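Going down the list, the sequences are from chains A, B, C and D.
Just so you know, we're using this note's numbering here: the first sequence kicks off at 281 and counts up by one.
Just so you know, we're using this note's numbering here: the second sequence kicks off at 885 and counts up by one.
Just so you know, we're using this note's numbering here: the third sequence kicks off at 28 and counts up by one.
Just so you know, we're using this note's numbering here: the fourth sequence kicks off at 143 and counts up by one.
Heads up, the beta-carbon is just placed ideally off N, CA and C, and yes, glycines get one too.
The structure presented is a predicted model; accordingly, all values stated were derived computationally and were not measured.
This report refers to the structure that appears directly beneath it.
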Amino acid sequence: MTDDRPLLEVTDLQTHFETDEGTVHAVKGASFTVEQGEIVGIVGESGSGKSVTALSCIRLEEPGEIVSGSIRFRGTDVTTADERRLRRMRGQGMAMVFQDPTTTLNPVFRVSEQIAEALKVHEDPDSQRLLDYLHVPPFSDRSDWADKRRRAVDLMHEVGIPNPDERVDAYPHEFSGGMRQRAMLAIALAREPDLLIADEPTTALDVTIQAQLLERIRNLNQDLGMAVLLITHDLGVIAELCDRVIVLYDGEVMERGSVDRMLIDPRHPYTRGLLECLPQTTPRQSRLSSIDGEVPDQIGPGSGCPFAPRCEYAVEECRTGEMPRVRLEDGRDAKCCRPEVLDADPAEVE
Amino acid sequence: MYRFILRRAVSIVFVLFGVSVTTFGMVVFTPGDPAEIVLREQTAQNPSQEAIREFRAEHGLDDPIPVQYLDWMADVLRGDLGQSYYHDTPVTTMIIRRFGDTAELAVAAILVALVISIPAGVISAVHTGELPDHASQLGSLLGVSMPNFWLGYLLIVVFSLYLELFPVSGAGTVRELVLPAVTLGSGIAAIITRLLRSSMLDVLEAEYIGTARSKGLRERIVVYKHAFRNALIPVVTIVGLQFGYLLNGAVIVEIVFQRPGLGTLLIEAIFARDYPIVQGLVLVIAVLFVVSNLLVDVAYRYIDPRIRFDGGTR
Amino acid sequence: MAGVAGCFGDGGEPEGGTAEQITIGLHSDITREFWELYGGVSPYWTRVLEPLLWVGPDFDVEPWLAVDWERTDKLTWEFTIREDVQFHNGEELLADHVVHSIEKLIEQFPQARFSWRFADLENEPVRALDDRTVEFTTREEFAGFAAGIAHNMVAVQHPETDGSEFNAVGTGPYELVDVEREQNARVAAFEDYWGGAPATPELTYRVIVDPMTRSLAMEDELDVGFQPPKAQVESLRSNDAIEVREQLSSRVALVNFNLERGPTDDADLRRALNHAVSQETIVDSILEGLGKPARGPIGSIVDYSAYDSLPPYEQDLESARGLVDRSTYEGETLKLEISNEAQADWVPEQSKVLAEIIKDNADQIGVDIDIRVSEYSAFTDAWRAKDGHMYMFLWGTKSGSSDYIFFRYHSRENTHFSLGEEFDSTVTRGERAESNEERFEAFIEAQQMMMEQAAVLPMYEHVYLMSVDRSVEGLDPHPLSEFIEMKNLRMER
Amino acid sequence: MSAADRPQAWRRRLDGTWSRRLRSIAEDRLDLLAWVIIAALVVSAVFAKPIRLTVPSVLQTLSGGFLAETVTLQPLQLAPHDPIDQNLADRLHPPSREYPLGTDQLGRDILSRLMVGARISLSVGVVVVSISLMIGTAVGVVSGYLGGWVDEAVMRIVDIVLAFPGLLLALVVAGILGPSLTNIMIALAVVGWTQYARIVRGSVLSVKQRDFVAAAKLMGVSEPRLVSTHVIPNVIGPVVILATLDMAYVILATAGLSFLGLGAQPPTPEWGTMLSQGRHHLLTAWWIANVPGVAIMVAVLAFNILGDSLRDLLDPRVASRLEGKGGL
């Protein structure tokens, strides 16, 4: 791994799903990067492809299929990596926290066990024996597992689960939602990852817990230098946490750039729409549904700008023509057929 | 947990009461006067009216039916299931003598079923739509449609007659157990395979499977540890409820393989119209069945920690 | 083949041939609860217990545990007990043991009272005159007493015998070693047997009720198999190592009519049914020739059989229909009772097939029959209760006397059908006859009366089969399979 | 919230779509097979031999002799021989031109017996299933609709019936009533209605709880009408599935009980009875036992396949004892 390359580099990612009704183009050529120690947010409405993008990065896009593009993590292309490399990557580099903590922990195993497993994988991703993991006596090192469980308790402490010692035997259903999400975080941290992908980690939680958890993620980022790719529909979260933001719409990156700039000065009509329907008084939970119209159903390759049907600036060309990428100042860019709407220098159109 | 068992036990007592009334009624309302049958058997003569009257009075057969029921229940609770019309051996003894053989068959059949169905169900789910899946689906369809009384004979012809691998009949040794257990287990295997397959398919879609994969766990561990344990929950219920199936099937299989278990005893008693034996057996079987269903409920709660402590979430 | 015999499933003994042990497959469950009087194991075939008298192959009564017997009075008989007979527990056989055994027998089996005419227990049916002499008292004059008690159930046993423990203490050539209920009984040679030590150290009697299973077991599990099904005979014979032996027995497969219930109380209907059935067809087809068309209730092999003097009821549907028309039959459904259990050496399947043939034949003369299958005890109960119209039996005794069939039509018991006073007196005359000649004459007359009245529908005289491994020696045929001697049974190496 | 984002959700959608399409290609063929089998069974049941009804003498008198003693509903005979007629000379005849499936131990033509046997199996199935269905539905509706102690009592009775393993109860009931086809039908119906009662009751209860029902009640719509307009459509799916699978079970159970000697009595050409008679000829005349064996399996298979695909189509949640063959 060389320092001048980004930690994660997604280039022209396309992820499809085959269905009866046709091919669903969930991600249509998304490109972005995440640098070491950076927090990057992906924002978009439901169905914008942001979760699929995140899942593709850790190669859990099934039953979807990455049809083109590359995802380079620490310089390795994970789209072509074999099982073994993937295991190593997941065990020792990239971790993910999912949205709904009620369904992401296995209900029949103790939380400590699920964290301990992660520790075990991290220790040696290449040697995983089924009987060992099933704790079948002669094939399983009891003291090692006991040790892992102790470290799991430490991790539970670290992510802020109260009284972890008493919870060593607890099952997921005995945890509150916030505690489960912290447990997920602990499972992620167990692998000491360089990159944490957090897919709407706070959506299902109530407001105070959300704040605590985000605080925790920020601390981890600062203390451990762990990069974070945060998927959210909540611009407030983006504003609080992220260094850079990527606006995704119908599987395409509409606009990207540093959070500071973009929140003050959104250029793309879609980003503007997002921001407009986010008055300070709106609670974080609110959905980005205030823009008229609905997210397209993503079936078929589509042509033109996917946002065109909802865009107040849309002209005929937007619906049919190619969508160029337009470079903006401060390293930002946006995709739009009408650079003038972006207030951009026409020369920066790619 | 204990409160739950207690509550179930109370409702079970009611069911058992109903069961006992039914089985009692079964004998009271059958044709034929037990006094006459027993006396004829004892003396080899058609008894006189007087002898019948005496016998009835002596054995309380003229008491009001509720009184007879209470007497019978009192005996049953003491473990006395009555006396056969034709044999001197108490019904309880006859049942105990035959019980082991049926229990052995039942356990072996369940083992056979698990050995076949667990790999078949899991592989079928993991390779949905592929050849092994089709094979196991077809196999289980045949398995549930194949009459045991025919399958038994086919197995005898193939494995006993042509291959000479197992004895044709009898009981006692492991070799004599194989074919009956396979016959009886096949149907259960088919049921479990189908259930395990669909249960695995459901579970493999669950988000925690994604979590497990995202940890970097091997697919084998994901499937056999994380998915399997969850898929097992509905399966355990069904396996437990197959106890009734086992008892049903034991009758057929014991007849086919000439095994002297409870099933053969029941058929013999039915053809002998020896109703005290039928009554005792039905009662014992119903009690076993009800209790086993309770045990399944308890086991179910044990496997699924979500409902382990919070009582009857159903 | 011989080497594997009997150790199948134990896995203990090596293959390759030892004549230490012979396995015999039986069609009847010798371990049923029914046999508790005899230590839990049937006295038939096992040769653990022995009767006072034996039946020879030509129905002669032979001395056995009793060396001599004499009718001392109209009602009393004196038996002299053999000397130097030892029980399996080492005690010497004395008259008291006989008394004990007979008393238990009468207590346990009430029908013993008329099968053997023992006096009631209160009237001392049996007493010891001294250590070697026993006196029996019968209820009535009964010339056939000695032949009658030549029966395995009239067995002499030591009081230690206990049915609940599978413990029979007898005097036979074999002693009981081990019983697995409904599975098998193992017996070991009794070295001190009065008739000399038996040839083979151990016999195993396997209970395999299902005839097909039993005949298949001849492949590797059995050395001797009783009653292979007729359908298997051909395939057994195709095996060079197996011999199938046939023996005409004294038993007759027949249908008894209920004479006391309409419409079978009408002799014309009974005659019609006799004419409806073709004995020859049954023997030729179902039995594949292994049987003999019967004419009367007593088999031709028995010394007083009326076979030669009985006109057969030929199959004649025309006159059968005429008889039905003449009879009181008005379309009722006749109940034909059959047992689904092995009777004597008859496989249950046989009775079902025969019942179907009779039903079919009856159909053709316009008589409707309903077949009812029961287990043996319920079957006999129906017969005693006179419930039903027809009862299918494989008739015959297991003793030296074949006269049971007469009892069933003698009105002295309320479980029997009455064929009229004349028949009663003829039978009584035979039973009390001083000479064999007189006895035979009366019995033949009785058989003729039975057939004239068509009290029964005889089908065929039974031939029983045994499948025997060719290396087995010393198994001599006997018209009563229960009297086959096992003492000389041995296996050639 | 954004469940549509998740691949898991996609998977679910996919399962409903292309994998079903894949499956339906395979299954349609199976379905077709099932229908062909059932059609063949029905044809041989109806046309194996003529169907004649005996007219009660009262009716004959009333019609002034216009009605004959018997009325022929169906005059055709497809069966090559009479299924009951014995022909001892031709017994144990292997399959041949004259006897396509051979003859049994009494020389009866097995093909003819098999065809007439289809009539027995199907009619027993139809009768038992309809009786169970009618009783069960009536009890379920009344129980769910009245609620209270009636419901409580009915459900306790159901519990008690279900406390016995089904086939054993049927076996004992048939044994006590005496072996016959009619008694088997009674025995199977005694056990069978409970399934229907449970399903129907559950459906009635859930309909009763819905808001629109309360609203309709307020508006004065009578409850029986509510039940008939809302419950029946709701319950029809599960009941049809149950009935189809129940057909399979009843056919198997009838054969099983007859095999044990508690059902059809000889010479009735019932499949289970035929099979049990063939057991002694397994090696020498394999066709006697195996032909009815195949027939039973094929018939049961057809109804199982049909029930399965109906389940996929109508209501995937129905699980019942009929998942299996109940020990037979």
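Contact annotation: Arg-1081 (chain B) and Ser-1029 (chain B) have beta-carbon atoms that are not nearer than 8 Å. Burial check for Leu-313 (chain D): the Cβ neighbour count within 10 Å reaches 16 or more, so the residue is buried. When the five nearest sequence neighbours on each side are left out, the beta carbons in the same chain lying within less than 6 Å of the beta carbon of Asp-397 (chain C) are those of Thr-360 and Lys-362, in order along the chain.
Put simply, the CB of Pro-387 (chain A) is near chain B, with a gap under 8 Å to one of its CB atoms. Pairing Met-239 (chain C) with Met-1084 (chain B), the inter-Cα distance amounts to about 44 Å.
Counting along the chain, the unbroken beta strand (DSSP E) around Asn-211 (chain C) starts and ends at 211 to 216. Counting C-beta atoms within 10 angstroms of its own C-beta, Trp-422 (chain C) has 16 or more neighbours from the protein chains shown and is therefore classed as buried. Along the stretch 1009 to 1032 of chain B, the positions whose C-beta sits under 8 Å from a C-beta of chain D are Thr-1012, Gly-1013, His-1018, Leu-1025, Leu-1026, Val-1028, Ser-1029, Met-1030, Pro-1031 and Asn-1032, read in chain order. With a beta-carbon spacing of about 6 Å, Pro-549 (chain A) and Val-621 (chain A) fall inside the 8 Å limit used to define contacts.
Contact annotation: Ile-1187 (chain B) and Leu-402 (chain D) have beta-carbon atoms that are not nearer than 8 Å. In this structure, the beta-carbon distance from Arg-1143 (chain B) to Ala-1055 (chain B) falls below 8 Å. In the structure shown, the three-state DSSP call for Trp-422 (chain C) is strand. Under the three-state reduction of DSSP output, Met-369 (chain A) falls in the helix class.
Ile-383 (chain D): member of the alpha helix (DSSP H) spanning 374 to 401, first to last residue.
Distance from the CA of Val-320 (chain A) to the CA of Met-369 (chain A), rounded to the nearest whole angstrom, comes to 20 Å.
Contact between Phe-378 (chain A) and Met-464 (chain A) holds: CB atoms are separated by about 7 Å, below the 8 Å threshold. Proximity of chain C to Pro-434 (chain D) at the Cβ level (cut-off 7 Å) is not reached, the minimal Cβ distance being about 16 Å. 8 Å or more divides the Cβ of Ala-1156 (chain B) from the Cβ of Gly-1147 (chain B). Those residues of the stretch 1102 to 1117 of chain B placed with their C-beta closer than 7 Å to a C-beta in chain A are Arg-1102, Arg-1104, Ile-1105, Tyr-1108, Lys-1109, His-1110, Arg-1113 and Asn-1114, ordered along the chain. Under the three-state reduction of DSSP output, Ser-366 (chain C) falls in the strand class. Assignment of alpha helix (DSSP H) within the stretch 50 to 136 of chain C, counting only whole runs of 4 or more residues, yields 122 to 135 in chain order. For Asp-293 (chain D), the enclosing alpha helix (DSSP H) starts and ends at 290 to 304. Remark: C-beta atoms of Asp-292 (chain C) and Leu-286 (chain C) approach each other more closely than 8 Å. Spanning the alpha carbons of Phe-312 (chain A) and Asn-1177 (chain B) requires a straight line of approximately 58 Å.
At a cut-off of 8 Å between C-beta atoms, Ile-398 (chain C) does not count as an interface residue with respect to chain B.
Fully enclosed alpha helix (DSSP H) runs of no fewer than 4 residues are not present anywhere in the stretch 1150 to 1175 of chain B.
Of all residues in the stretch 1078 to 1094 of chain B, only Ala-1090, Glu-1091, Tyr-1092, Ile-1093 and Gly-1094 place a beta-carbon less than 9 Å from a beta-carbon of chain A. The stretch 998 to 1012 of chain B makes contact with the stretch 1102 to 1122 of chain B, as at least three CB pairs between them are under 8 Å. Counting every other CB atom within 10 Å of its CB across the protein chains shown gives His-415 (chain A) a total below 16, marking it as exposed. By the neighbour-count criterion, in which a residue is buried when 16 or more other Cβ atoms sit within 10 angstroms of its Cβ, Ile-980 (chain B) is exposed.
Following the DSSP letters along the chain, one finds Pro-381 (chain A) inside the alpha helix (DSSP H) bounded by residues 381 to 384.
Taking a beta-carbon distance threshold of 8 Å, Leu-465 (chain A) does not count as an interface residue toward chain B. At a beta-carbon threshold of 8 Å, the residues of chain C lying near Glu-925 (chain B) are Ser-404 and Asp-408, ordered along the chain. Between Val-271 (chain C) and Glu-934 (chain B), the alpha-carbon positions lie close to 54 Å from each other.
Rounded to the nearest angstrom, the gap between the Cα atoms of Lys-330 (chain A) and Ile-179 (chain D) is 52 Å.
Under DSSP, Val-894 (chain B) shares a beta bridge with no residue.
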